[in-house]
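In this text, residue positions in the sequence shown follow the numbering used here: the first is 1212, and each later residue adds one.
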Amino acid sequence: MKRQTVAVIVGTRPEAVKMAPVIQALAKSKILRPITVSTSQHQQMTHQILGSFGLKVDHDLRVMRKGQTLWDLSGRVVTKLGRYFAANPVAAVLVQGDTTSAFFGGLCAFYHKIPVGHIEAGLRTHEMYSPFPEEMNRTLLGAVATWHFPPTQDAVKRLRAENIAAETIYLTGNTVVDALRWMVPRCSDAPLRKLIGTAAMKKKLILVTCHRRESLGKPMAAVAGATATVARENADTVVLFPVHPNPAVRQTVMPLLENIPNVVLCEPLDYGQFLSCLKHAYLVLSDSGGVQEEATALGKPVLVLRESTERQEGVKAGALKLVGTDAKLIVRESNRLLRGSAAYQRMCRASNVFGDGRSAARIVKILERALTE
Ligand code: UD1
Ligand code: UDP
């Protein structure tokens, strides 16, 4: 029997991480086969991350421009994906999360009457501009998708509250845990040692990431300033900050953190390298969605540099604490946790709230059934 083609859309770093296990699982199916279509909204990082899993892009739309605006980016994604689907009919399209590539990928598939599976469905803050534009992207995908794959029971409930039919919702867990479980046994401390130096391996590692559009400008400057203060006040720490390639992030972050002896700024790391740093980290400061989930799975305390989070499960599990972008609060909370208090120990418990590592296999099984009925 000829295997039916499922187009897996990736565009950005987190989509590459969370789609990698799905591509691997589809490749093992006897009924379906994956075709990986990258919008390359993130030209370098998408290829970098898929490469970490030994995967390649089958079709590259090359939409990225330096400092792209949302509207220009959206236009290029729709035009190029629209042409791609017209020339390459597929049985189904999978999109992940809440990026421009995910939303317009889903919409474009709808224009071609191709059914859409939405992985990581049902995340909400219920604040239209936080995160921006992701909250709107994922809400609209709820209307476009044929199959919804929420990671948690809370996400299922939110989809039901939006009147999405129960029989189209499948609780699968988050594929990020599959990705993490696949990569952890394959990564070592060597890349981290190379980045910070052997002597610093004995120090407390503070891992920092920051990229959100709604934090660009003053809030991000406050985060960078707070990070500098924490580094200066705690000589027994080393801060490692892989800086997102967005020029707006770099312009703000680099001048405030360069030339501090115990701060290491570096290029984005491949997935294995990043996980080796996360495993070694004492404390994480981040506004990343994926990092909140991975840190929860590994039992690493995160101060979340955002005003709201759609990953409340991680807050309830104890690993995440919302601090926003107020410099004084970030410094106070970091210093408190660096003292290794009971509060710190409570944040170090690993939790499987986001998944059990078998989400991709579940998604593929559901698609096999749906596409052969
Ligand atoms: C995008 C997603 C966001 C996700 C984030 C993950 C949207 C609207 N935003 O935000 O949801 O959390 O990715 O990182 O979809 N750049 C490079 N090389 C790369 C990647 C980016 O140079 O490999 C630079 C380019 O100048 C680009 C800029 O970063 O214009 C911003 O990229 P963009 O995808 O527009 O926004 P992000 O803030 O990365
Ligand atoms: N990540 C990585 N290298 C880095 C920084 C992050 O591989 O230098 C991974 C991280 O483990 C997580 C994902 O990238 O899986 C998160 O991406 P990002 O923070 O860019 O996006 P978000 O999850 O906030 O949408």
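Using N, Cα and C, we set each Cβ at its ideal position, and we do this for glycine too. Since we're looking at a predicted model, the values are computed, not measured.
Looking at the structure shown, is residue i part of a helix, part of a strand, or coil, going by DSSP?
i        : result
Val-1474 : strand
Ala-1303 : strand
Ile-1325 : coil
Pro-1512 : coil
Thr-1386 : helix
Leu-1480 : coil
Val-1534 : coil
Thr-1357 : coil
Phe-1485 : helix
Thr-1448 : strand
Pro-1453 : strand
Ile-1375 : coil
Gly-1262 : helix
Lys-1277 : coil
Phe-1565 : coil
Gly-1525 : helix
Arg-1557 : helix
Gly-1551 : coil
Glu-1469 : coil
Met-1339 : coil
Gly-1172 : Because the chain is modelled from 1212 through 1584, residue 1172 falls outside the range shown and cannot be assessed.
With a threshold of 6 Å (Cβ to nearest heavy atom), would residue i be considered close to ligand 2?
i        : result
Leu-1480 : yes
Phe-1224 : Residue identity check: residue 1224 is Arg in the sequence provided, not Phe. Yes, the beta carbon of Arg-1224 sits closer than 6 Å to at least one heavy atom of ligand 2.
Gly-1204 : Only positions 1212 to 1584 of the chain appear in this structure, which leaves residue 1204 out of reach.
Val-1228 : yes
Pro-1453 : yes
Phe-1485 : yes
At a Cβ threshold of 7 Å, is residue i touching chain D?
i        : result
Ser-1312 : Any reference to chain D falls outside this structure, which holds one protein chain only.
Does ligand 1 have a heavy atom nearer than 6 Å to the CB of residue i?
i        : result
Pro-1430 : no
Gly-1262 : no
His-1422 : yes
Asn-1563 : no
Thr-1311 : yes
His-1329 : no
Gly-1286 : no
Met-1465 : no
Gly-1353 : no
His-1253 : yes
Ala-1504 : Residue 1504 is actually Glu in this sequence, not Ala. No - ligand 1 has no heavy atom lying nearer than 6 Å to the Cβ of Glu-1504.
Gln-1556 : no
Lys-1241 : no
Lys-1291 : no
Gln-1279 : yes
Asn-1457 : yes
Met-1347 : no
Met-1339 : no
Tell me, which residues are paired with residue i by DSSP?
i        : result
Gly-1249 : In the sequence under discussion, the amino acid at residue 1249 is Ser, which differs from the Gly named in the question. According to DSSP, Ser-1249 bridges with Val-1221 and Asp-1271.
Arg-1517 : According to DSSP, which records beta bridges pairwise, Arg-1517 is partnered with nothing at all.
Ile-1407 : BP columns for Ile-1407 are empty, so no partner.
Gln-1215 : Leu-1243
Thr-1420 : Ser-1497
Lys-1415 : Thr-1448
Ile-1330 : Gln-1307 and Phe-1360
Ile-1380 : His-1359
Given 6 Å as the limit, tell me if residue i has its C-beta closer than that to any heavy atom belonging to ligand 3.
i        : result
Met-1256 : As presented, the structure is devoid of ligand 3, carrying ligand 1 and ligand 2 as its sole ligands.
Original post:
Looking at C-beta atoms only, is the number of pairs between the segment 1435 to 1449 and the segment 1469 to 1476 that lie closer than 8 Å three or more?
Top reply: Short answer: they touch.
Subject >> Given 8 Å, three or more beta-carbon pairs between the segment 1363 to 1374 and the segment 1330 to 1341 >> reply: Contact between the segment 1363 to 1374 and the segment 1330 to 1341 is present: 3 or more CB-CB pairs across the two stretches fall below 8 Å.
Original post:
Are at least three pairs of beta-carbons, each pair with one atom in the segment 1503 to 1514 and one in the segment 1422 to 1429, less than 8 Å apart?
Top reply: Segments in contact, no.
Original post:
If we count Cβ pairs, one from each stretch, closer than 8 Å, do we get three or more for the segment 1353 to 1362 versus the segment 1378 to 1398?
Top reply: Flag = yes, the segment 1353 to 1362 and the segment 1378 to 1398 touch.
Original post:
For the 8 Å Cβ check, are there 3 or more pairs between the segment 1219 to 1235 and the segment 1304 to 1322?
Top reply: A contact exists between the segment 1219 to 1235 and the segment 1304 to 1322.
**OP:** For the segment 1256 to 1264 and the segment 1283 to 1290, state whether three or more C-beta atom pairs, one from each stretch, are separated by less than 8 Å.
**Re:** Short answer: they don't touch.
Original post:
Within the chosen definition, does the segment 1481 to 1495 reach the segment 1510 to 1528 through at least 3 CB pairs nearer than 8 Å?
Top reply: The segment 1481 to 1495 makes contact with the segment 1510 to 1528, as at least three CB pairs between them are under 8 Å.
Original post:
Does the count of Cβ pairs from the segment 1394 to 1409 and the segment 1522 to 1535 closer than 8 Å reach three?
Top reply: With the rule of 3 Cβ pairs closer than 8 Å, the segment 1394 to 1409 does not count as touching the segment 1522 to 1535.
Subject >> the segment 1477 to 1485 touching the segment 1449 to 1457, judged by at least three CB pairs closer than 8 Å >> reply: With a cut-off of 8 Å, the segment 1449 to 1457 and the segment 1477 to 1485 count as touching, because enough Cβ pairs lie within range.
Original post:
Quick one: any contact between the segment 1339 to 1352 and the segment 1238 to 1251, if contact means 3 or more CB pairs under 8 Å?
Top reply: No contact exists between the segment 1339 to 1352 and the segment 1238 to 1251.
Original post:
Pairing CB atoms from the segment 1574 to 1582 with CB atoms from the segment 1552 to 1566, are three or more of them under 8 Å?
Top reply: The segment 1552 to 1566 and the segment 1574 to 1582 do not touch, with fewer than three beta-carbon pairs separated by less than 8 Å.
**OP:** State whether the segment 1258 to 1269 contacts the segment 1292 to 1305, with contact taken as three or more CB pairs (one from each stretch) at a distance under 8 Å.
**Re:** No: the two stretches stay apart, fewer than three of their Cβ pairs being nearer than 8 Å.
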